[in-house]
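Remarks on the structure that follows.
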């Protein structure tokens, strides 16, 4: 060693590895530093078990975009944080043996990750797909695909973290769940971008499942209508590359078109036409199968939509058929909810019919300016889709869709000559106003529906729940799901009716309630 020469001791690097590779100062913000946030790069810290991370860009204005580093092809997967799950997840949680056909996945399945996947299969999917045959088919499709496709596994872990955050599931920590969501989402996007560079890879079932799941991750954070439109466009392009819906499971098409604010939900919100084509109908079930299913239907469910058929001369013929088909779909779903065994093909047949009905309802909703609808048709044009969407979203009611639908219902009802309408079709008005009260989130909007219903029905109805319930069951209403809330609305109106002409809320003193149209 030369005398007089100072020995330099290298300070340990505490910033992220991405900033170190770029030779810039890191502010050490976690989980993602400011530089990586600004540039859309994966932010990796030295504590990770992984050695390198590809430099991908997470698109803000497109479904998925990529800018790989020169070493991307040989890089390993980006890191994921397991802190919140490993400390709090129940250790007994595990993937059911029937869903765990591979002893090893391409990503290490730690107990924490298995706990998240167990929550996905046992808690989330039964709520999204209430029919056992469908949720079992979905799990038996997506879990094996996730074990051989790391991008899909990351996406599933991300959407589970998103659900834990939204529902504040104990003992999971919401802030830690948000961190987990971001890390898994970025990792999934980086990986799936590579597959999107090749048509064969891009059209694989695992790729479409990954894009759908990432779509759900985005919606779990915030309802960004522009982002939804971009993701839907990307998904539509992938399905078009495959040659359409042929070969895709019906329950996957359901997710693409309606679940998680899919194409039909987005169209309902924006008052636009669906961007996906209508799904082709499956071959009709044998008569003996239909007879067997029909024999198990609750007699009360046979009344669904019957009141509307009294006014069929005032309804569009195509929509009359759509309403009849909807009543069949709801009756079948309620049969399944009662635990009756049905085959997967039977479920697929009726769920395909449901998708076609929903496509007709949303298309009709957005084309009213080109028709001269009767008053009853105008009410049904909005109220039936409200029922259908809320029935579909019993657990995850999307507020963005309902915000738009309640405005559309207000526009229809406020344009009517209500005095004459109460003389002509009181049952239809009771049904529509009660749905308006039910889905109204904003106080003044709810007051408008409530006071108009009490005022208009004064002297016409006694507002005894048994009578109101009988009326609702001849329209579109499901006692199992809606009874408690609708019975409460009935009691509220009953107490208000004697005073309806003597008091007015602020929402009636003005021209109408204030709102922000979701289209703007």
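In the numbering used here, the protein residues as written are 1 to 520.
Here a beta-carbon is modelled for each residue, glycine too, at the ideal position from N, C-alpha and C.
Notebook entry, point to check: Near residue 436, which residues of its chain fall below 6 Å by C-beta distance, leaving aside the five closest residues on each side in sequence?
Noted result: 409, 449
Next item on the list: Tell me where the alpha helix (DSSP H) around residue 286 begins and ends.
Entry: No alpha helix (DSSP H) holds residue 286; DSSP gives it neither H nor E.
Notebook entry, point to check: What's the call for residue 351, buried or exposed, on a 16-neighbour Cβ count within 10 Å?
Noted result: buried
Notebook entry, point to check: Could you give the C-beta distance for residue 274 and residue 363, rounded to a whole number, given that I count them as a contact under 8 Å?
Noted result: 6 Å
Checklist line | DSSP state of residue 16 mapped onto helix, strand, coil | finding: strand
Item checked: Cβ pair count under 8 Å reaching 3, the segment 117 to 125 against the segment 143 to 161 -> yes
Margin query: Relative to the C-alpha of residue 469, which candidate in 452, 357, 149, 491 has its C-alpha closest?
Written below: 491
Checklist line | Own chain, CB closer than 6 Å to residue 473, minus 5 neighbours either side, in chain order | finding: 300, 303
Note to self: I'd like to know if the segment 197 to 214 and the segment 155 to 162 are in contact, where contact means that at least 3 CB-CB pairs between them fall below 8 Å.
What the structure shows: yes
Checklist line | From 184, 424, 494, residue whose alpha carbon lies closest to that of residue 453 | finding: 494
Checklist line | residue 421 (DSSP reduced to helix, strand or coil) | finding: helix
Check: If we ignore side chains and look at the alpha-carbon of each, how far apart do residue 252 and residue 163 end up?
Finding: 19 Å
Margin query: Going by DSSP, what residue range makes up the alpha helix (DSSP H) through residue 549?
Written below: Nothing about residue 549 can be read from this structure; the chain reaches only from 1 to 520.
Check: In whole angstroms, what separates the C-alpha of residue 333 from that of residue 478?
Finding: 11 Å
Next item on the list: Give the DSSP-derived three-state secondary structure of residue 449 in the structure shown.
Entry: helix
Notebook entry, point to check: Between which two residues does the alpha helix (DSSP H) harbouring residue 320 extend?
Noted result: 317 to 337
Next item on the list: Pick out whichever of 125, 388, 417 has its Cα sitting closest to the Cα of residue 481.
Entry: 388
Item checked: For residue 458 and residue 236, the rounded distance between their alpha carbons -> 50 Å
Notebook entry, point to check: How is the alpha helix (DSSP H) around residue 25 delimited, first residue to last?
Noted result: Unbroken run through residue 25: none, as it is neither H nor E.
Checklist line | Where the alpha helix (DSSP H) containing residue 380 begins and where it ends | finding: 375 to 392
Notebook entry, point to check: So is residue 590 buried or exposed if we call it buried at 16+ other beta carbons inside 10 Å?
Noted result: This structure cannot settle anything about residue 590, because the visible part of the chain is limited to 1 through 520.
Checklist line | Nearest-angstrom beta carbon gap, residue 366 and residue 267 [assumed within contact, 8 Å] | finding: 7 Å
Next item on the list: Look at the alpha carbon of residue 124 and the alpha carbon of residue 234, and state the distance between them as a whole number of angstroms.
Entry: 25 Å
Item checked: residue 139, DSSP secondary structure in three states -> helix
Next item on the list: Identify the continuous alpha helix (DSSP H) that holds residue 430 and give its terminal residues.
Entry: 426 to 439
Margin query: Rounded to whole angstroms, what is the Cα-Cα separation between residue 33 and residue 25?
Written below: 10 Å
Checklist line | Rounded straight-line distance, which links the Cα of residue 443 to that of residue 373 | finding: 30 Å
Notebook entry, point to check: What's the gap between the Cα of residue 16 and the Cα of residue 285?
Noted result: 59 Å
Note to self: Whole angstroms are fine: how far does the CA of residue 287 sit from the CA of residue 185?
What the structure shows: 47 Å
Margin query: Considering only the alpha carbon of each residue, which of 340, 381, 371, 336 lies closest to residue 358?
Written below: 381
Next item on the list: Using 10 angstroms around the beta-carbon of residue 18, count the other beta-carbons present and answer buried if the total reaches 16, otherwise exposed.
Entry: buried
Margin query: Going by DSSP, what residue range makes up the alpha helix (DSSP H) through residue 358?
Written below: 344 to 366
Checklist line | Secondary structure of residue 198, DSSP reduced to three states | finding: coil
Note to self: Checking 9 Å against the spacing of the C-beta atoms, do residue 348 and residue 249 come in under that value?
What the structure shows: yes
Next item on the list: Consult DSSP for residue 471 and reduce its assignment to one of helix, strand or coil.
Entry: helix
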